[in-house]
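Be aware that the sequence shown starts at 0, since it is given in numbering that gives the first Met the number 0, and climbs by one per residue. Accompanying notes for the structure given below.
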Amino acid sequence: MPKQAALIVQDPLVVLARQAVNRFIRQGELLPVTEPLPSDQRRSQGVYVSLIKAGQLRGCVGSVQPQQASLAKEVIYMAVAAAVHDPRFRPVQLDELDQLSYIVDLVENLALLKNKAAHDPVAEGLRVQRGRNQGVVLPNTTGITTFEQQRQLAYQRAGLELTISATLERFQVRRIIELSGNYQETISL
Numbered sequence: 000m001p002k003q004a005a006l007i008v009q010d011p012l013v014v015l016a017r018q019a020v021n022r023f024i025r026q027g028e029l030l031p032v033t034e035p036l037p038s039d040q041r042r043s044q045g046v047y048v049s050l051i052k053a054g055q056l057r058g059c060v061g062s063v064q065p066q067q068a069s070l071a072k073e074v075i076y077m078a079v080a081a082a083v084h085d086p087r088f089r090p091v092q093l094d095e096l097d098q099l100s101y102i103v104d105l106v107e108n109l110a111l112l113k114n115k116a117a118h119d120p121v122a123e124g125l126r127v128q129r130g131r132n133q134g135v136v137l138p139n140t141t142g143i144t145t146f147e148q149q150r151q152l153a154y155q156r157a158g159l160e161l162t163i164s165a166t167l168e169r170f171q172v173r174r175i176i177e178l179s180g181n182y183q184e185t186i187s188l
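Next up, the structure:
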């Protein structure tokens, strides 16, 4: 009996991120949320969406805490924001759409950082917050191998001096990577 090829199914959240960016860049409008949502997309959850082009970060926007009523809406908003509102990059252009790969990070287990010595920046992200200022570094960020490096970058992103007292929170992510062959294990600065 001949062997059948394995069916590879793309994760719906990565598909949603790609559809949201494509619609916004091509038509200038947000992708509507299709009701009823699958049960796993109804809950609200913090999300980061990263866009990768030629192995390099092309945009990354998100929040450790949900900003929208559902996970589906969160992915749509963060994907579009990564494409057009990341201040480190110019907005994504129409001719780039086919060159992009997507990573969706679902934020989990946000908690106060109690033991700095046990913190692993490869497995855990870090949020620094003082008042309205906050800086976030995702886990497994390229070039970040120690807690001190991660703390310095989070403080820098928050616009805070390292000597200022701030709340430190750790979190993990469930990283969903587009099945494009352009796998990127780490997130670039």
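Virtual Cβ for every residue (Gly too), placed ideally from N, Cα, C. Fair warning: this is a prediction, and the values are worked out from it, not measured in the lab.
Nearest-angstrom Cβ-Cβ length linking residue i and residue j, presumed shorter than 8 Å
i       : j       : result
Gly-45  : Gln-64  : 5 Å
Gln-143 : Pro-120 : Gln is not the amino acid found at residue 143; the sequence shown has Ile there. That belief holds up - the Cβ atoms of Ile-143 and Pro-120 are roughly 5 Å apart, short of 8 Å.
Val-265 : Val-74  : Any property of residue 265 remains undetermined from this structure, which presents the chain solely from 0 to 188.
Ser-69  : Val-32  : 7 Å
Residue closest to residue i, alpha-carbon to alpha-carbon, out of the options
i       : options                             : result
Gly-58  : Pro-86, Ser-69 and Tyr-76           : Pro-86
Asn-108 : Leu-96, Glu-123, Asp-94 and Gln-98  : Glu-123
Asp-39  : Leu-105, His-118 and Phe-23         : Leu-105
Asn-21  : Val-60, Pro-11, Gln-92 and Arg-41   : Gln-92
Arg-17  : Asp-97, Arg-89, Leu-167 and Arg-131 : Asp-97
Leu-29  : Gln-55, Leu-137 and Leu-15          : Leu-15
Reduced DSSP secondary structure (H/G/I, E/B, other) of residue i
i       : result
Ser-43  : coil
Val-121 : coil
Ile-143 : coil
Ile-102 : strand
Ile-175 : strand
Ser-110 : The identity of residue 110 in the sequence shown is Ala, whereas the question assumes Ser. Three-state DSSP puts Ala-110 in a strand.
Leu-136 : Residue identity differs from the one stated: residue 136 is Val in this sequence, not Leu. Residue state, collapsed to three classes: strand.
Val-127 : strand
Ser-164 : coil
Gln-149 : helix
Residue-chain proximity (residue i, chain D), Cβ-Cβ < 8 Å
i      : result
Arg-41 : Going by chain labels, chain D is absent from the structure shown, which holds only one protein chain.
Inset, instruction - Would you mind listing the alpha helix (DSSP H) stretches within the region 61–100 that are 4+ residues and don't spill past its ends, in chain order? - result: Runs of the alpha helix (DSSP H) spanning 4 or more residues and lying entirely within the region 61–100 occur at 70–83, in chain order.
Inset, instruction - Give a yes or no on contact between the region 99–119 and the region 155–165, applying the rule of three or more CB pairs nearer than 8 Å. - result: Contact between the region 99–119 and the region 155–165 is absent: fewer than three C-beta pairs spanning the two stretches fall below 8 Å.
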